[in-house]
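A.B. asks:
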Amino acid sequence: MNPSDTGPKRPPPRRAEVLGLDQVSPRMVRVTFSGEGLRGFGQPVPSAHIKIFFPEGNWTPHSDAPRPPSRTYTPLAFDPAKNELEVEFVLHGAGLAADWVRRARRGDVVYIGGPRGGFQPAHDLREIVILCDDTALPAATMIVRALSTRCNVKLVAEVGGEDEARDIDRLPASRIEWLVRDDRQPCGTLVRRLADLTAADDAFWWVACEAKAMRKMRSILLERGNIAKERLITRGYWQAGETNHPDHDYGV
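Under the working numbering, the first residue of the sequence shown is numbered 11, with each subsequent residue one higher.
Spelled out as structure tokens, the structure:
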């Protein structure tokens with residue numbers, strides 16, 4: 011945070027330790043964090059985000075040293091009784107977070123800021139179409155969990171391989187479509203699939219993936235003429251060629 015900012019001061023990031031690691035799929039690892047520092051973390055809003063700081067040595071938020079590098083992630087679930095936080099990491103080549111999780115062990119320390127933001131679906135929402143890639147799959151999972159069981163859900167996800175398909179809580183397999191990524195064009199298969207997707211005029215659309223592809227899909231949806239901006243949420247979770255894309259890319 012810039013010291014010159016005049017808004018409310020954010021609390022320092024919370025200390026947390028790795029409690030366990032679960033290989034959810036070949037390219038997705040779920041890390042469970044725990045520790046007294048997470049007490050009072052609160053139940054995150056669907057698709058909220060946190061900052062995970064990866065320190066070296068004995069850095070603390072109260073030291074004079076600069077903050078360590080961080081990346082933005084989705085808090086998948088928090089258990090206040092146990093002070094346990096679940097976060098999923100995509101293994102997509104070399105990078106700060108991906109390299110960290112490959113070598114992570116129980117007891118490793120990180121610092122966590124947030125949660126902030128998020129999308130709270132309306133209780134009377136009748137239909138939603140979710141388009142995402144694997145980086146946004148945890149956020150999509152949170153949204154599905156928050157929806158009424160009466161809501162008609164269509165989820166289309168682009169992932170790194172056929173072996174990445176998995177169950178999503180409360181969502182029948184028949185409502186999930188898995189697309190395999192073409193590495194020559196990130197989220198290109200997702201953009202092409204959008205051409206054949208239809209929904210009711212009052213449906214909600216949630217799109218989160220690579221930033222350039224997200225913008226293409228946002229333009230396509232708005233050009234159809236029957237989708238109001240207030241029924242469309244778009245998020246750029248990452249951008250090809252960038253190492254740390256900002257967490258506030260909404261495509262507008």
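From the three backbone atoms N, C-alpha and C, an ideal C-beta is built for every residue, glycine too.
(1) Could you round the C-beta distance between SER57 and THR82 to whole angstroms and report it? I think they count as a contact, below 8 Å.
(2) In three-state DSSP terms, what is ILE1?
(3) Assess contact between the stretch 239-249 and the stretch 161-178, defined as three or more Cβ pairs (one per stretch) separated by less than 8 Å. Is contact present?
(4) Quick one: measure Cβ to Cβ for CYS197 and ALA175, integer angstroms, because I've assumed they're closer than 8 Å.
(5) Would you be able to state if there are at least three C-beta pairs under 8 Å between the stretch 52-69 and the stretch 148-159?
(6) From which residue to which residue does the beta strand (DSSP E) around LEU165 run?
(7) What residue ranges within the stretch 59-146 form continuous beta strand (DSSP E) runs of no fewer than 3 residues, ordered along the chain?
(8) Between PRO23 and LYS61, which are expected to be in contact by the criterion C-beta below 8 Å, what is the C-beta distance as a whole number of angstroms?
(9) Could you pull the DSSP bridge partners for LEU189 from this structure?
(10) Closest by CA to ARG112, which one among GLU96, MET38 and LEU181?
(11) Out of VAL163, THR42, GLU27 and TRP69, state which residue places its alpha-carbon closest to the alpha-carbon of SER184.
(12) Let me know the alpha helix (DSSP H) ranges lying completely inside the stretch 177-235, each 4 residues or longer, listed in chain order.
(13) Is the beta carbon of VAL190 within less than 7 Å of some heavy atom of the ligand MN?
(14) Can you check which of these residues, ARG225, VAL97 and ASP134, is closest to VAL120 by C-alpha distance?
(15) In this structure, how does DSSP classify THR42 when only helix, strand and coil are distinguished?
(16) Taking only three categories from DSSP, how would you classify GLY17?
(17) Might you give, ordered along the chain, the residues of its own chain that have their beta carbon closer than 8 Å to the beta carbon of VAL34, omitting 5 neighbours on each side?
(18) Consult DSSP for ARG49 and reduce its assignment to one of helix, strand or coil.
(19) Tell me where the beta strand (DSSP E) around LEU31 begins and ends.
(20) Would you report the Cα separation of TRP216 and ILE140, rounded to the nearest angstrom?
(21) Return yes when the Cβ of ARG180 is within less than 8 Å of the Cβ of ARG279, no when it is not.
(22) Can you have a look at GLY103 and say buried or exposed, based on whether 16 or more other CB atoms are within 10 angstroms of its CB?
(23) State the Cα-Cα distance for the pair GLY67 and PRO78, rounded to the nearest angstrom.
(24) According to the neighbour-count rule (16 or more other Cβ atoms, all chains shown, within 10 Å of its Cβ), is PRO65 buried or exposed?
(25) If you reduce the DSSP assignment to three classes, tell me which class ILE153 lands in.
C.D. replies: Put simply:
(1) With 8 Å as the limit, SER57 and THR82 do not qualify as a contact, their Cβ atoms being about 12 Å apart.
(2) A query on residue 1 cannot be resolved here, the shown segment of the chain reaching from 11 to 262 and no further.
(3) no
(4) Not quite, the Cβ-Cβ distance comes to about 17 Å (not below 8 Å), so this is no contact.
(5) yes
(6) 162-169
(7) 59-63, 80-83, 85-89, 94-100, 119-126 and 137-143
(8) 7 Å
(9) GLU168
(10) MET38
(11) VAL163
(12) 198-204 and 221-233
(13) As presented, the structure is devoid of all ligands, the ligand MN included, so that no description of it is given.
(14) VAL97
(15) strand
(16) Its pLDDT being 48, under 50, GLY17 is placed unreliably in this model, and the value from its coordinates should be taken loosely. Of the three classes helix, strand and coil, the one that applies to GLY17 here is coil, per DSSP.
(17) ARG40, GLU98 and ARG176
(18) coil
(19) 24-35
(20) 5 Å
(21) For residue 279 there is no data in the structure shown, the boundaries of the chain being 11 and 262.
(22) exposed
(23) 10 Å
(24) buried
(25) helix
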